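Below: one structure, written as structure tokens.
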Amino acid sequence: MKGVTTEQLEELDCHIILGNTYHLALQPGKDLLNQVGGLHKFMNWKRGMLTDSGEDGVKFISPFDGVTETLLTPEHSMEIQNAIGADIMMQLDDVVSSLVTGPRVEEAMWRSIRWLDRCFKAHAKPKEQNLFPIIQGGLDLRLRKICVEEMVKRDANGYAIGGLSGGESKDTFWRIVSACTDLLPKDKPRYCMGVGYSEDLVVCSALGVDMYDCVFPTRTARFGSALTRRGAMKLKNQIYEMDHLPIEEDCTCYTCKTHTRSYLSRLLRQKETVGCHLISIHNIAYQMRLMKDIRDSIEQDRFPAFVQQFMKKYYHERIASISEDEENQNDPGKAIGADGYPVWITNALSSVGITLLK
Ligand SMILES: [Zn+2]
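Using the UniProt record's numbering, read the sequence shown as starting at 1 and increasing by one per residue.
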């Protein structure tokens, strides 16, 4: 959460944040974290916290001497995450890019299962901190099934689906998510890692996912992009210069209550950092509201209708021509059907009995 204080996160009704273990292990480091009694106390955050396994640094060169290679083991990952004190810790897994195929994928899956057992064994505070396994197996449905079965045997308090959002087609993405959620226990949280686009959150929730993490809302804010129900609003664009409405009229966040698109656009074009900060606040509020709407509609037994209305607004009233992510332009999985919806979304939702509105 770059550029946002813990107090602001509480005001935005955030209940859980994610800490990057690799960075925390380097700075401030395990000794300081043990000394102050964990990261909650160090940063004065009283709510939920999740840490990743630190896998970015499975094998990394020491930034201090530029030579020494440090190998992150399951035991070391647990030791650091125990020192950080997060409420949910992630196992160390062997991650392969979702575009890799062949025997390397199966090898990584079995290694992840062996490492899960080592993580459980090394976990020093099982009564205070939860440890989530990470389902691997690449884009191979057979391997995913084996991995889920093996990991469910370990009886964890929640499960993550890993190894996705790495450039695979959206059609493959939803089929893997769906294959995993079909087999995971219904009474435990399912966490799909690295997901954060609005349409992905809605689709994956329909497929049975409960938790997500993504840098997208705050990263895209730093590029001047505000998230809305009708797609992303690139506020730097000249068209907002004379636009005196808030980003979203029905949004109750500090930014929307206080400032106009015109003012935010001016800040961005003058490269004032407070502009990015204000958009980050709105984007987090947007994301929290989207997830709350999903939860409320499920509790009130009207989730399919919510999905239909959301998708209709998102794709049929889309902010004209300035909202598409360039990175997605060449993905065949992003094909748009005659009804205006991406084909993968129509297929994913129809697999759970939701038909989109014309
Ligand atoms: Zn707002």
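Just so you know, even glycine gets a beta-carbon here, dropped at the ideal spot from N, CA and C.
Small disclaimer: the values here were computed from a predicted structure and weren't measured.
In the structure shown, the three-state DSSP call for residue 119 is helix. Per DSSP, the continuous beta strand (DSSP E) segment holding residue 19 begins and ends at 16-19. In the DSSP secondary-structure assignment, residue 231 is bridged to 228 and 229. Between ligand 1 and residue 286, a heavy atom-to-CB distance of less than 8 angstroms is present.
Counting every other CB atom within 10 Å of its CB across the protein chains shown gives residue 15 a total below 16, marking it as exposed.
Here DSSP, grouped into helix, strand and coil, assigns residue 82 to helix. Burial is judged here by how many other beta carbons sit within 10 angstroms of a residue's own beta carbon; residue 129 has at least 16 and is buried. By alpha-carbon distance to residue 179, the top candidate from 167, 95 and 348 is 348. Judged by DSSP secondary structure, residue 48 falls within the beta strand (DSSP E) whose first and last residues are 48-51. For residue 294, DSSP records no beta bridge to any residue.
By the criterion of a C-beta distance shorter than 8 angstroms, residue 6 is surrounded in its chain by 43, 44 and 45, once the five residues flanking it on both sides are discounted. At the C-beta level, residue 25 and residue 75 stay beyond 9 angstroms of one another. Set against 8 angstroms, the gap from the CB of residue 260 to the closest heavy atom of ligand 1 is not smaller. If you keep only unbroken beta strand (DSSP E) runs of at least 3 residues inside the stretch 134-185, you get 159-161. A direct Cα-Cα distance of roughly 44 angstroms separates residue 120 from residue 315.
Straight-line measurement puts the Cα of residue 108 at about 12 angstroms from the Cα of residue 162.
For residue 34, the closest C-alpha among the options 50, 85 and 140 is that of 85.
Shown here for residue 189: same chain residues with a beta carbon closer than 7 angstroms to its own, the five before and five after excluded, namely 158, 210 and 211 in chain order. By the Cβ-count criterion, residue 220 is buried, with 16 or more other Cβ atoms from all chains shown falling within 10 Å of its own Cβ. For residue 315, no beta strand (DSSP E) encloses it; the enclosing alpha helix (DSSP H) starts and ends at 303-316.
Nearest to residue 227 by C-alpha distance, out of 207, 81, 140 and 251, is 251. Residue pairing from DSSP places residue 192 in a beta bridge opposite 161 and 212.
Burial of residue 52 is indicated by the presence of at least 16 other C-beta atoms within 10 angstroms of its C-beta. For the pair residue 294 and residue 8, the CB atoms are not nearer than the 9 angstroms cut-off.
When secondary structure is reduced to three states using DSSP, residue 126 falls in the coil class, being assigned neither helix nor strand. Taking all protein chains shown into account, residue 292 has fewer than 16 neighbouring C-beta atoms within 10 Å of its C-beta and is therefore exposed.
In terms of Cα proximity to residue 305, the closest of 354, 290 and 267 is 354.
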